[in-house]
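Residue numbers (the UniProt record's numbering): 1 to 252.
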């Protein structure tokens, strides 16, 4: 004979699903979507925060899921030490530049967004934690492939060629991708110039631990506000310095 479902668990999962779907979400957004009382919703959000699945954006008091939710799917577990080192650095970077960042980790032919500090509505394309993005049209993916060890890079390119993914095919033809990755290694950063939507540009760098790429992260700017050349000039020195700081924090 089965047990009756635990209502508190079901309510907590419902809140987590709503935050994941709507986030960054206000308390009112969450109560409206779940139909739960405000007091109950606050208790459940506090519990999810305590467990590490939800965090609150202090400036706007909106709730977002954390990278820990990725451990609930695809056996994907972001490195806690990496996130602990990177998140405050990326917050400081946003405070300095005024523009948000995504942090990506490679998994199975895509970059998975493990953390982001985008504000809701700031861009036409708002990625959330857990989003899977292209290797060849995003600055995150390009810089990861450029700096990962050669055997891993070859495996990634072979994997992408087998997928027949329209998001990747254009960049995989002939020697185009090899020339691009060589250029990225030489200059130390990658760009995405309106390749992921006409409204945004991005520049990214890797975080290196030995010969391994632990992650990559970017700075994202509206295309109508800044040229690609200006973004490179203004932000490559800052994000390169931030990458070194993250590496030092991880290594203690």
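Note that the Cβ used here is the ideal one computed from N, Cα and C, for glycine as well.
Report task. Kindly confirm or deny that the segment 88–108 and the segment 36–55 touch, where touching means at least three C-beta pairs closer than 8 Å. Result -> no
**Report entry** Residue interval of the alpha helix (DSSP H) (run including residue 141)
**Finding:** 139–147
Query raised in the report: Comparing alpha-carbon positions, which option in 117, 150, 159 and 151 lies nearest residue 134?
Result: It is 159.
Query - Complete runs of the alpha helix (DSSP H) confined to the segment 171–217 [at least 4 residues] - result: As far as the segment 171–217 is concerned, its whole alpha helix (DSSP H) runs of at least 4 residues are 176–187.
Query raised in the report: Is residue 241 near residue 188, with beta carbons less than 9 Å apart?
Result: no
Requested in this report: Give, in chain order, every unbroken run of the beta strand (DSSP E) that is at least 3 residues long and sits entirely within the UniProt domain "HTH iclR-type" (6–67).
Outcome: Correct list: 54–57 and 62–65.
Report task. Express the C-alpha separation of residue 127 and residue 136 in angstroms, rounding to a whole number. Result -> So the alpha carbons of these two residues sit roughly 17 Å apart.
Requested in this report: Please name the residue in 18, 205, 168 and 166 whose C-alpha comes closest to that of residue 184.
Outcome: 205
Query raised in the report: How about the segment 148–159 and the segment 218–238: do they share at least three Cβ pairs that are nearer than 8 Å?
Result: no
Query raised in the report: Of the choices 226, 236 and 178, whose alpha-carbon is the least far from that of residue 203?
Result: 236
Query raised in the report: Near residue 63, what residues of its chain come up, given a Cβ to Cβ distance below 8 Å and the 5 sequence neighbours on each side ignored?
Result: Contacts found: 19, 23, 24, 25, 26, 27, 30, 45, 54, 55, 56 and 57.
Query - Environment of residue 114 [buried if 16+ CB atoms lie within 10 Å] - result: So residue 114 ends up on the buried side.
Query raised in the report: With residue 130 and residue 69 assumed to form a contact (beta carbons below 8 Å), what rounded beta-carbon distance in angstroms separates them?
Result: 6 Å
Query raised in the report: Nearest to residue 15 by alpha carbon, out of 42, 6 and 5?
Result: 42
Report task. Mind reading off the beta-carbon distance from residue 6 to residue 245? Whole number of angstroms is fine, and I expect it under 8 Å. Result -> Rounded, the Cβ-Cβ distance is 43 Å, inconsistent with contact.
**Report entry** Reference residue 147; option with closest CA among 85, 163, 197 and 210
**Finding:** 210
Requested in this report: Indicate whether residue 177 and residue 214 have their beta-carbon atoms separated by less than 9 Å.
Outcome: no
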